[in-house]
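Student:
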Amino acid sequence: MKIAVLSGGVGGARFLRGLREHLRQTMPDGSGGSTAEVTAVVNTGDDMWLSALRIAPDLDSITYTLAGESDEERGWGRVGETERVSGELRAYDIGWPWFTLGDLDIGTHLARTSMLRDGLTLAEATDRITSRWPLGVHLIPATNDEVETHVVTEDGTDLHFQEWWTRHRATLPAARFVQRNVEAAAPAPGVVESIMNADVVLLAPSNPVVSIGTILGIPGIRAALRATRAPVVGVSPIIGGAVVRGMADACLSAIGVETAADAVALHYGSRAAGGVLDAWLLAEEDADLAPTVEAAGIRSTAVPLWMRDIPTSAALAAAALAAAS
Ligand code: GDP
Ligand code: CA
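Last residue of the sequence shown: 1160 (this note's numbering), numbering continuous.
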């Protein structure tokens, strides 16, 4: 079985870890892995150049989580991290003082930057970085091109998404999101193929605007989702009218979408009506919203949506695969 997953960082990483666990249990390959092939198409809109380094937060969040190297308590970055290099950079007034890079994390950024300077594409660099660990999931950046998300605030200020999100904690009212240079961008090799050749396509419970929305904005990816013969199943990142972790509600309100499981499903839309979804998983506490989603032509199932640990994440992945059939 071939599965393609569109994914952002932390929410996507937890979902992918659950999916890998579910597949190991139900389709074991006899040596601890699974016979299923999972390809994650990963958001690169949060990527940036900082302190001479190419940083790819969502690719790295997924890599560290699947490698068992992520800091579970803090919720991001490497476990056992130190921040000595960031202290030095701050002394030289280099980089962003409010954006601390851990030392181990800087190792990844140095490796990536070095590979890019040697002429590798981001996808090739990602293959090399991820080959260090048996992740059990093939990660492909949505695009090799630099398409960074910017936020234009209501007073007309333009800032990189990362500055709006991390420095200002998404408190500056956003008027719109801009994917810089997106018109000229192309999906990375393998992205469209993984969607077209999949048996199932899943939209992880990631930020609908700046993670999944950014991926869908790369020319050719939305068309692939519309054209694939595989069923497309989305998982709600909203539970009981609230974002589970983070500040994704600020992104949704900027594009005029209510922070509600049915509103996000309608925003993605039914494939029968020009959108990208065949089926949608929402939380049991949102079961009363299922009829609205069904009425829009999207099959809708209420299941436990909290990814508390690996077993609950695996159960969610199982429900997503069940919703596909
Ligand atoms: P980011 O790139 O690190 O912001 O991560 P993603 O875009 O992949 O995911 C962020 C979204 O994941 C948040 O908006 C949350 O709503 C969602 N999320 C986080 N934890 C959970 C969870 O346990 N269950 C569900 N359903 N969604 C979650
Ligand atoms: Ca992200």
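Cβ atoms here follow ideal geometry from the backbone N, Cα and C, with glycine treated the same way.
First and last residue of the beta strand (DSSP E) that includes His973?
Tutor: His973 to Pro976 is the span of the beta strand (DSSP E), which, as asked, contains His973.
Student: Hey, how far is the Cα of Thr1001 from the Cα of Thr874?
Tutor: Taking the straight line from one Cα to the other gives about 28 Å.
Student: Give a yes or no on contact between the stretch 1075 to 1094 and the stretch 1036 to 1045, applying the rule of three or more CB pairs nearer than 8 Å.
Tutor: Touching, yes.
Student: Return the Cβ separation of Leu1117 and Ala1137 in integer angstroms, given the expectation that the two are a contact with Cβ distance under 8 Å.
Tutor: The Cβ separation is near 6 Å, so the contact holds.
Student: Below 8 Å, is the gap between the Cβ of Asp893 and the nearest heavy atom of ligand 2?
Tutor: Asp893: yes, Cβ under 8 Å from ligand 2.
Student: In three-state DSSP terms, what is Glu983?
Tutor: Coil.
Student: In three-state DSSP terms, what is Phe850?
Tutor: Phe850 falls in the helix class under three-state DSSP.
Student: Taking the straight line between their C-alpha atoms, what separation do you get for Ser905 and Arg919?
Tutor: Roughly 19 Å separates the two Cα atoms.
Student: Just to confirm my understanding: we take Glu907, look at its own chain, exclude 5 residues before and 5 after, and list those with CB closer than 8 Å. What are they?
Tutor: Result list for Glu907: Val914, in chain order.
Student: Between the Cα of Ala1159 and those of His973, Arg852 and Leu1038, spot the shortest distance and give me the residue it belongs to.
Tutor: Out of His973, Arg852 and Leu1038, Leu1038 has the C-alpha closest to the C-alpha of Ala1159.
Student: What residue ranges within the stretch 886 to 960 form continuous beta strand (DSSP E) runs of no fewer than 3 residues, ordered along the chain?
Tutor: Fully enclosed beta strand (DSSP E) runs of 3 or longer: 888 to 890.
Student: Buried or exposed: Ser1041, going by 16 or more other Cβ atoms within 10 Å of its Cβ?
Tutor: With 16 or more Cβ atoms within 10 Å of its Cβ, Ser1041 is classed as buried.
Student: For Thr978, does the count of other Cβ atoms within 10 angstroms reach 16, so buried, or fall short, so exposed?
Tutor: Label assigned to Thr978: buried.
Student: Can you tell me whether Tyr1103 is buried or exposed? The criterion is at least 16 other CB atoms within 10 Å of its CB, across all chains shown.
Tutor: With 16 or more other Cβ atoms within 10 Å, it is buried.
Student: Classify Val1128 as helix, strand or coil using the three-state DSSP reduction.
Tutor: Residue state, collapsed to three classes: helix.
Student: Would you say Thr870 faces chain E, with C-beta separation under 9 Å as the test?
Tutor: Going by chain labels, chain E is absent from the structure shown, which holds only one protein chain.
Student: Kindly indicate which residue of Leu851, Ala1150 and Leu936 has the alpha-carbon position closest to the one of Ala887.
Tutor: Among Leu851, Ala1150 and Leu936, the Cα nearest to that of Ala887 is on Leu936.
Student: Is DSSP giving His857 helix, strand or coil here?
Tutor: It is helical.
Student: Closer than 8 Å: is that where the CB of Met883 sits relative to any heavy atom of ligand 3?
Tutor: Among the ligands in the structure shown, ligand 3 does not appear; only ligand 1 and ligand 2 can be found there.
Student: What's the call for Asp1133, buried or exposed, on a 16-neighbour Cβ count within 10 Å?
Tutor: Inspection of the sequence shows that residue 1133 is occupied by Ile rather than by Asp. By the 10 Å Cβ count, Ile1133 comes out buried.
Student: Report the option in Glu983, Gly991, Gly954 and Ser966 whose CA atom is closest to the CA atom of Thr943.
Tutor: The option with the nearest alpha carbon to Thr943 is Ser966.
Student: Kindly provide the ranges of any alpha helix (DSSP H) runs that are 4 or more residues long and lie completely inside the stretch 1046 to 1088, ordered along the chain.
Tutor: Runs of the alpha helix (DSSP H) inside the stretch 1046 to 1088: 1047 to 1052 and 1056 to 1062.
Student: Please confirm whether any heavy atom of ligand 1 lies closer than 8 Å to the CB of Trp933.
Tutor: Checking every heavy atom of ligand 1 against the Cβ of Trp933, none is found closer than 8 Å.
Student: So Asp940 and Glu916 are in contact, right, with Cβ under 8 Å, and what is the actual spacing, rounded?
Tutor: Right, the Cβ-Cβ distance comes to about 7 Å (below 8 Å), so this counts as a contact.
Student: Which word fits Ser1105, buried or exposed, when buried means at least 16 other C-beta atoms lie within 10 angstroms of its C-beta?
Tutor: So Ser1105 counts as buried.
Student: With distance defined between alpha-carbon atoms, name the residue in Thr1049, Ala1125 and Ala1077 nearest to Ala1100.
Tutor: Considering only alpha carbons, the answer is Ala1125.
Student: Have a look at Thr1147 and Met1031 and give me their C-alpha separation to the nearest angstrom.
Tutor: C-alpha separation (whole angstroms): 29 Å.
Student: Quick one: using the 10 Å Cβ neighbour count with 16 as the cut-off for buried, is Ile929 buried or exposed?
Tutor: It is exposed - the Cβ of Ile929 has fewer than 16 other Cβ atoms within 10 Å.
Student: Does ligand 1 have even one heavy atom less than 8 Å from the beta-carbon of Arg889?
Tutor: No - ligand 1 has no heavy atom lying nearer than 8 Å to the Cβ of Arg889.
Student: Indicate whether Ile982 and Gln1014 have their beta-carbon atoms separated by less than 9 Å.
Tutor: Per the sequence shown, the amino acid found at residue 982 is Val instead of Ile. Cβ atoms of Val982 and Gln1014: closer than 9 Å.
Student: Please list, in chain order, all residues of the same chain as Met836 whose beta carbon is under 6 Å from its beta carbon, the five residues on each side excluded.
Tutor: Excluding residues within five positions, the ones whose Cβ falls inside 6 Å are Ala871 and Asp1034.
Student: Just to confirm, does Met836 get its C-beta within under 8 Å of one of the non-hydrogen atoms of ligand 1?
Tutor: Answer for Met836: no, Cβ out of range of ligand 1.
Student: With a 10 Å radius around its C-beta and 16 neighbouring C-beta atoms as the bar for buried, classify Pro1024 as buried or exposed.
Tutor: The residue in question, Pro1024, is exposed, as its Cβ has fewer than 16 Cβ neighbours within 10 Å.
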